[in-house]
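FYI, my numbering numbers position 187 of the sequence shown as 798, with every residue one higher than the one before it.
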Amino acid sequence: MTVHRVAVLALDGMAPLDLAIPLQIFGPRAETAYQVTVCAPSSSVSVGGGFTLAATGGLDALRSAETVIVPGFGLGFEPQPQSQPVPPAVLDALATARDEGRRVVSICTGAFALAAAGLLDGLHATTHWQYADELERRYPAVHVDRDVLYVDEGDILTSAGVCCGIDLCLHIVRRDLGAVVANQIARNIVAAPHREGGQAQYVPAPVATTGDTSLADTRAWALERLAQPLTVPQLARHAGMSERSLLRRFAEETGTTPLQWLVNARLGLARELLETTDQSIDLVARDCGLGSAANLRLYFRRALNTTPTAYRRAFTRQAPDPAM
Numbered sequence: 612m613t614v615h616r617v618a619v620l621a622l623d624g625m626a627p628l629d630l631a632i633p634l635q636i637f638g639p640r641a642e643t644a645y646q647v648t649v650c651a652p653s654s655s656v657s658v659g660g661g662f663t664l665a666a667t668g669g670l671d672a673l674r675s676a677e678t679v680i681v682p683g684f685g686l687g688f689e690p691q692p693q694s695q696p697v698p699p700a701v702l703d704a705l706a707t708a709r710d711e712g713r714r715v716v717s718i719c720t721g722a723f724a725l726a727a728a729g730l731l732d733g734l735h736a737t738t739h740w741q742y743a744d745e746l747e748r749r750y751p752a753v754h755v756d757r758d759v760l761y762v763d764e765g766d767i768l769t770s771a772g773v774c775c776g777i778d779l780c781l782h783i784v785r786r787d788l789g790a791v792v793a794n795q796i797a798r799n800i801v802a803a804p805h806r807e808g809g810q811a812q813y814v815p816a817p818v819a820t821t822g823d824t825s826l827a828d829t830r831a832w833a834l835e836r837l838a839q840p841l842t843v844p845q846l847a848r849h850a851g852m853s854e855r856s857l858l859r860r861f862a863e864e865t866g867t868t869p870l871q872w873l874v875n876a877r878l879g880l881a882r883e884l885l886e887t888t889d890q891s892i893d894l895v896a897r898d899c900g901l902g903s904a905a906n907l908r909l910y911f912r913r914a915l916n917t918t919p920t921a922y923r924r925a926f927t928r929q930a931p932d933p934a935m
């Protein structure tokens, strides 16, 4: 496999978890060809939480990378973009990397660095929900999406707060190498295999309160029956609650509706079947619960802007290339 170089840009006051996420997901594995370098404008960086990091590369590493990732930064463990100006040399390096065709990614408040470099002008982007208004106020040319996990604008990608960086990095692996490899990595780090970027990044009750019953068992039950017709009344009966309560609880726990969640799960299964089997498009559509080949093509076009046949051709090669 062709080596795909990933440069993670470390800035003073960066959030430790934001840095760790891309290092973990793009770390060396037999099934991928990512090569990660931590680079910084100086040889050492002060990390939020009270420790210092020795960077292995300078800003020139951004120019030799295919993907550049900017973690969230600020002071302490909670990112505070207004507390740390981005050095001009960093802004120049980011602008140059973009001009030279690099893929540029931000996690959490790293979006402020991309915006300051002019990379987000005219594009949709997101950041931590606490700082979305601030991003919009400072950079009015950016279309700020508040209620999403991440935004994919092709070669410019941004994620919402902290752990949404996991979703975005797995999305990038899925784009590069397909659903099977992305799901293998997700299982390895014990993360959700796939959350669509359009889900809400912040929900008012993400954890069930004492005495409440989470819908995790119902979702697991549904995942084992994706090939079957599944309705809201069926899900509600399994969960032992009214349909109205199910809809409310589902939105609280996942940030989306049961039917949209089912569509996303079925698309994920379809992608795995296309990558790992030689089943016909009709059989894939049947086994993932999307019914017909025409229906599968419709959803693939809407969600992935491709066809099932083109997707299979791209992700069933012997030696997938993450630089594609």
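Even for Gly, the Cβ is constructed at its ideal location relative to N, Cα and C.
Nearest in C-alpha terms to R908, of all of G900, P919, C899 and G902, is P919.
Of all C-beta pairs linking the stretch 753 to 764 to the stretch 772 to 780, three or more are shorter than 8 Å, placing the two stretches in contact.
The beta carbon of W832 lies closer than 6 Å to those of H849 in the same chain, with the five residues before and after it left out. Counting the other CB atoms within 10 Å of its CB gives D756 a total of 16 or more, which places it among the buried residues.
Put simply, the backbone Cα of T868 is about 36 Å away from that of P639. Excluding five sequence positions before and after L846, the CB atoms of its chain that fall closer than 7 Å to its own CB belong to T829, A833, L857 and P869, given in chain order.
When DSSP states are grouped into helix, strand and coil, R616 belongs to the strand group. One thing to note: A621 has its Cβ within 9 Å of the Cβ of V656.
Within the model, the alpha-carbon separation for V895 versus A904 is close to 8 Å. As the crow flies, the alpha-carbon of Y922 is around 27 Å from that of A618. Between A726 and V701, the gap from beta carbon to beta carbon reaches 9 Å or more. By the criterion of a C-beta distance shorter than 7 Å, G772 is surrounded in its chain by C719, H739, W740 and Q812, once the five residues flanking it on both sides are discounted. The closest CA to that of R882, considering only E864, C650, A802 and Y910, is found on Y910. Across the structure, G902 and V614 are spaced so that their CA atoms are roughly 39 Å apart. Here V801 is exposed, its C-beta having fewer than 16 other C-beta atoms within 10 Å. When only Cα atoms are considered, R860 and A827 end up about 11 Å apart. Contact between S654 and A666 is confirmed by a C-beta separation of about 6 Å, below the 8 Å threshold. At a Cβ-Cβ threshold of 9 Å, S853 and T769 do not count as neighbours. The beta-carbon separation of L670 and P652, rounded to 6 Å, stays under the 8 Å limit for a contact. Between D898 and L880, the C-beta spacing is below 9 Å. The Cβ atoms of G659 and P627 lie closer than 9 Å to each other.
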